[in-house]
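Chemist: Shown below is the structure under consideration.
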Amino acid sequence: MITFEHPLSERVRNFLRIEYLFKRFQDEIVCSDSVWAHHLALATLFDIMECAARAELKLDILQELERQKQMMAQNRDRQSALLLQEDLKQVAQGLLGIQQKFGQHLRENEWLMAIKQRMLVPGGTSPFDVPSYYYWQQRPFEERKADLQNWIRTLMPTYDAISVLLSILRKNSREVNCFAKHGNYQHPSLAQNIHMLSIEVDEADRAIPEVSANKYFTHIRFLAVSDERLRGSQLDQDIRFKMIMSSFDPVME
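See below:
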């Protein structure tokens with residue numbers, strides 16, 4: 001089975017993008033000692049800087065953390081709620097402990113910003129263009145890895161907080177088994193507090209869900225997997241799938 005997550009708010013959309021980039025960065029620095037893997041990791045670091053640069057992101061995260069803490073406080077009789085409340089407290093403290101703007105220490109690093117600019121040019125980081133970067137690439141794997149980990153260290157509190165919130169979102173969900181006749185499915189209006197839809201479909205169906213959702217109705221149509229086009233043609237076959245409705249608030253059955 002393969003699960004496609006579809007955010008229903010701008011806040012969740014930003015959280016998912018940032019989570020995706022941080023996970024990609026971690027994979028690129030630990031899964032290979034290749035120079036090219038670390039080149040991609042550095043490019044991903046720059047993507048994280050841009051994706052999480054919104055001034056209101058930190059406020060969005062802190063507000064949701066506080067709201068979740070208040071809801072957890074109402075469930076003091078449950079051990080899991082107490083543990084989650086402690087997690088929420090720790091990630092909030094970590095985020096509040098970062099006084100500077102997100103990625104400010106990186107933006108003040110002239111060498112890194114020069115490489116970031118050169119990456120916008122095809123082949124712009126070749127050895128003769130940026131000799132100092134080529135020198136860095138020839139250093140031992142562990143030294144390069146340590147540099148990358150050091151550069152991302154002050155960004156991790158943002159990732160840690162988003163990870164906790166997305167974990168809450170994914171766990172606080174309701175599943176519905178659905179049937180898309182001729183690749184089409186319509187669902188009555190979702191509850192207003194649904195923040196993400198996840199569509200779980202069998203990989204053997206070679207189908208990609210396209211979701212349109214608002215407060216009045218949800219329309220899901222399945223497109224054929226295409227090796228040549230970004231969007232394949234609509235499938236005319238029946239598809240069985242699972243729809244998972246997730247919320248930061250309690251989900252009503």
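Residue numbering for the sequence shown follows full-length UniProt numbering, beginning at 1 and increasing consecutively.
All C-beta atoms, glycine included, are put in the ideal place defined by N, C-alpha and C.
#1: Tell me the DSSP secondary structure of F248 in three-state form.
#2: In angstroms, rounded to a whole number, what distance separates the CA positions of I2 and M243?
#3: Measure the alpha-carbon distance for W136 versus L45 and round it to whole angstroms.
#4: Note down the Cα distance separating E253 from S246, rounded to an integer number of angstroms.
#5: Inspect the beta-carbon positions of L16 and P7 and report whether they are closer than 8 Å.
#6: R123: buried (16+ other C-beta within 10 angstroms of its C-beta) or exposed?
#7: For the alpha helix (DSSP H) containing C31, name the first residue and the last one.
#8: Considering just the uninterrupted stretch of the alpha helix (DSSP H) at I162, what are its terminal residues?
#9: So, for R107: in the same chain, excluding its five sequence neighbours on each side, which residues have a beta-carbon less than 7 Å away from its beta-carbon?
#10: Between the beta-carbon of H38 and the beta-carbon of R118, is there less than 8 Å?
#11: May I ask you to report which of helix, strand or coil DSSP gives E253?
#12: Taking contact to mean 3 or more Cβ pairs, one atom from each stretch, closer than 8 Å, check whether the segment 155-170 and the segment 211-227 are in contact.
#13: For the beta strand (DSSP E) that R221 lies in, which residues bound it at each end?
#14: P122 by DSSP, collapsed to three states: which one?
#15: Nearest to N177 by alpha carbon, out of L57, E200, S34, S167?
#16: Would you mind reading off the limits of the alpha helix (DSSP H) that contains N150?
#17: What three-state label does DSSP hand F102 in the structure shown?
#18: Should V30 be labelled buried (16 or more other beta-carbon atoms within 10 Å of its own) or exposed?
#19: Looking only at DSSP bridge pairs, what is F179 linked to?
#20: Cα-Cα, which of R206, D238, K116 is closest to V225?
#21: How close, in whole Å, do the beta carbons of H195 and F217 come, if the pair is a contact with beta carbons under 8 Å?
#22: Under the three-state reduction of DSSP, which class applies to L57: helix, strand or coil?
#23: Determine the direct distance from the alpha carbon of I18 to that of F128, and round the result to whole angstroms.
#24: Identify, in the order they occur along the chain, each residue of the same chain with its Cβ nearer than 7 Å to the Cβ of D202, setting aside the five sequence neighbours on each side.
#25: So what does DSSP say about Y185, is it helix, strand or coil?
#26: Which word fits Q85, buried or exposed, when buried means at least 16 other C-beta atoms lie within 10 angstroms of its C-beta?
Modeler: The structure says:
#1: By 1-based counting over the sequence shown, the position of residue 248 is 248. F248 falls in the coil class under three-state DSSP.
#2: Walking along the sequence shown from the start, residue 2 turns up at place 2. Walking along the sequence shown from the start, residue 243 turns up at place 243. Their Cα atoms are separated by approximately 12 Å.
#3: For the purposes of this step, residue 136 is taken as the residue at position 136 of the sequence shown. For the purposes of this step, residue 45 is taken as the residue at position 45 of the sequence shown. Those two C-alpha atoms are separated by around 16 Å.
#4: On the sequence shown, residue 253 is found 253 positions in, with the first residue counted as 1. On the sequence shown, residue 246 is found 246 positions in, with the first residue counted as 1. Its pLDDT being 49, under 50, E253 is placed unreliably by the model, and the measurement read from it follows with that caveat. Rounded to whole angstroms, E253 to S246 spans 12 Å at the Cα level.
#5: Translated into the one-based positions of the sequence shown, residue 16 becomes position 16. Translated into the one-based positions of the sequence shown, residue 7 becomes position 7. Yes; because the gap between Cβ atoms is below 8 Å, this pair is in contact.
#6: Start at 1 with the first residue of the sequence shown, and residue 123 comes out as number 123. Here residue 123 turns out to be Gly, not Arg, going by the sequence shown. By the Cβ neighbour-count rule, G123 is exposed, with fewer than 16 other Cβ atoms within 10 Å of its own.
#7: Taking the sequence shown and counting its residues from 1, one reaches residue 31 at position 31. First-last for C31: undefined, no H or E at that position.
#8: Within the sequence shown, the letter at position 162 stands for residue 162. It spans 156-171 - the alpha helix (DSSP H) in which I162 sits, taken as one unbroken run.
#9: Position 107 of the sequence shown holds residue 107. When the five nearest sequence neighbours on each side are left out, the beta carbons in the same chain lying within less than 7 Å of the beta carbon of R107 are those of M113, in order along the chain.
#10: Numbered from 1 along the sequence shown, position 38 holds the residue referred to as residue 38. Numbered from 1 along the sequence shown, position 118 holds the residue referred to as residue 118. No, the pair does not count as a contact, with Cβ atoms beyond the cut-off.
#11: Counting from 1 along the sequence shown, the entry for residue 253 is found at position 253. Low local confidence applies: a pLDDT of 49 at E253 is under 50, so the model's placement there is unreliable, with the coordinate-based value given in what follows. Residue state, collapsed to three classes: coil.
#12: With a cut-off of 8 Å on Cβ pairs, the segment 155-170 is not in contact with the segment 211-227, counting fewer than three such pairs.
#13: The residue you call residue 221 lines up with position 221 of the sequence shown. Taken as a continuous stretch (DSSP letters only), the beta strand (DSSP E) holding R221 covers 217-224.
#14: Translated into positions along the sequence shown, residue 122 becomes position 122. In the structure shown, P122 sits in coil (DSSP, three-state: anything other than H, G, I, E or B).
#15: Sequence index remark: in the sequence shown, residue 177 carries index 177 (1-based). Closest by alpha carbon: E200.
#16: If you number the sequence shown from 1, residue 150 lands on position 150. Looking at the DSSP string, the run of the alpha helix (DSSP H) that includes N150 is 141-152.
#17: Residue numbering aside, residue 102 sits at position 102 when the sequence shown is read from its first letter. Coil, per DSSP.
#18: Position 30 of the sequence shown, counted from the start, is the residue given in the question as residue 30. Exposed, by the Cβ-count rule.
#19: Stepping through the sequence shown from its first residue, residue 179 is reached at position 179. DSSP, once it has assigned bridges, lists R240 as partnering F179.
#20: Counted from its first residue, the sequence shown places residue 225 at position 225. The alpha carbon of V225 has as its nearest neighbour, out of R206, D238, K116, the alpha carbon of R206.
#21: For this step, residue 195 is matched to residue 195 along the sequence shown. For this step, residue 217 is matched to residue 217 along the sequence shown. So it is not a contact: roughly 17 Å between Cβ atoms.
#22: In the sequence shown, the residue the question calls residue 57 occupies position 57. Helix, per DSSP.
#23: Reading the sequence shown from its first residue, position 128 is the one you call residue 128. Reading the sequence shown from its first residue, position 18 is the one you call residue 18. If you take the alpha carbons of F128 and I18, they lie about 33 Å apart.
#24: What you label residue 202 is simply residue 202 of the sequence shown in a count that begins at 1. Contacts found: M1.
#25: What you label residue 185 is simply residue 185 of the sequence shown in a count that begins at 1. In this structure, Y185 counts as strand in the three-state DSSP scheme.
#26: As a first step, residue 85 must be located in the sequence shown, where it is residue number 85. Buried: at least 16 other Cβ atoms inside 10 Å.
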